[in-house]
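Using the numbering used here, the final residue of the sequence shown is 268, and nothing's skipped along the way.
By construction, the Cβ of each residue, glycine as well, lies at the ideal position given by its N, Cα and C atoms.
What follows is a short report on a single structure.
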Amino acid sequence: MQELAVLAASAMATQRRFTAVADNIANANTDGYRKIDVQFKEIISRPNGHSTASYVEDRGLVVDFSGGSLRRTGNPMDVALGSEGFFAVQTEGGDIRYTRRGAFVVNSEGELTTPQGLPVLDNANAPIQIPQNSGVLAIARDGTISTREGQIAQIGVFTFSKEDQNQLLREGDGTFTATQGGANVAESPMIMQGFVESSNVNAVKEMTDMQMVSKAYQRSLTLMRGIEQIEQRAIRTLGETQ
């Protein structure tokens, strides 16, 4: 039974890893996407005081915040961060989320938003309003937005300490929620107009990982079935001798 428990834990951990790898592959071409992995911890136990059992414990998802490559689009509403940090957007409920995805639009009410309709915020966490008939917007490296009439706003860029960044909670559409600490206004942001940041997923590596994880999962299932068959035969044999 101890062997079955260990193999079951291994199979569950492998399945969790498979799901993460599949998510990465599915988003390999999603701008601003951040690769995920599963963090495990080896647990050593001695259930009967003598023999030792080792199994893995799922410690949750880990996000790889390394930067993706910048891809030129030529669209003046596309911006990419060539530095650390995040853009800030606001949900319908008023919550602030953070994202590296900088494909923005101006809605019918003149607000700068994401394609999903979430308002983009400035450094004071206020929505950015674009005057009507502004023409083509010029966005400087520090996020300052200008029209032919002059400067009108500044796109907010926010950073976190490494510890706080590692605690960001994944949400939908490439956004994150801060779960501890606070966001700081970036001191020297580098915004590139006419570019978007690609996913940081290496699709070839993820495909290789998927094959390895799939084989490991199948091995665990095969071993589990073998142990179950041995136990069933032992039970039948014991019953016949009584």
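Here DSSP, grouped into helix, strand and coil, assigns Asn50 to helix. Taking the CA atoms as reference points, Ser172 sits about 11 Å from Pro157.
Exclusion of the five residues before and after Glu110 leaves Thr185 as the residues of its chain whose Cβ lies within less than 7 Å of its Cβ. Membership of Gln191 in any beta strand (DSSP E) is not indicated; the residue belongs instead to the alpha helix (DSSP H) covering 188 to 191.
Under the three-state reduction of DSSP output, Glu137 falls in the strand class. DSSP places Arg123 in the uninterrupted beta strand (DSSP E) bounded by 122 to 125. In this structure, Pro102 sits away from Val183, with a CB-CB distance that is not shorter than 8 Å.
The DSSP-derived three-state label of Val230 is helix. DSSP places Arg97 in the uninterrupted beta strand (DSSP E) bounded by 96 to 98. At a Cβ-Cβ threshold of 8 Å, Ile217 and Ala179 do not count as neighbours. Looking at Met38, Ala39, Val64, the one whose alpha-carbon comes closest to that of Asn50 is Val64.
Contact annotation: Phe112 and Thr125 have beta-carbon atoms nearer than 8 Å.
The DSSP-derived three-state label of Gln244 is helix. Counting the other Cβ atoms within 10 Å of the Cβ of Lys241 gives fewer than 16, which makes it exposed.
Of all alpha-carbon atoms in Arg123, Phe130, Asp121, Val88, the one lying nearest the alpha-carbon of Ala106 is that of Phe130.
Around the Cβ of Thr201, a 10 Å sphere holds 16 or more other Cβ atoms; the residue is buried. If you look at Gln180, you'll find it in the beta strand (DSSP E) that goes 176 to 180.
Judged by DSSP in its simplified three-state form, Met218 adopts strand. Shown here, Gln41 sits in a helix according to DSSP, grouped into three states.
In the three-state scheme derived from DSSP, where H, G and I count as helix and E and B as strand, Val239 is classed as helix. The alpha carbon of Gly136 has as its nearest neighbour, out of Asn192, Asn53, Ser160, the alpha carbon of Ser160. In this structure Lys61 is buried. Its beta-carbon is surrounded by 16 or more other beta-carbon atoms within 10 angstroms.
As computed with DSSP, Ser172 is found in a beta bridge with Ala164, Gln177.
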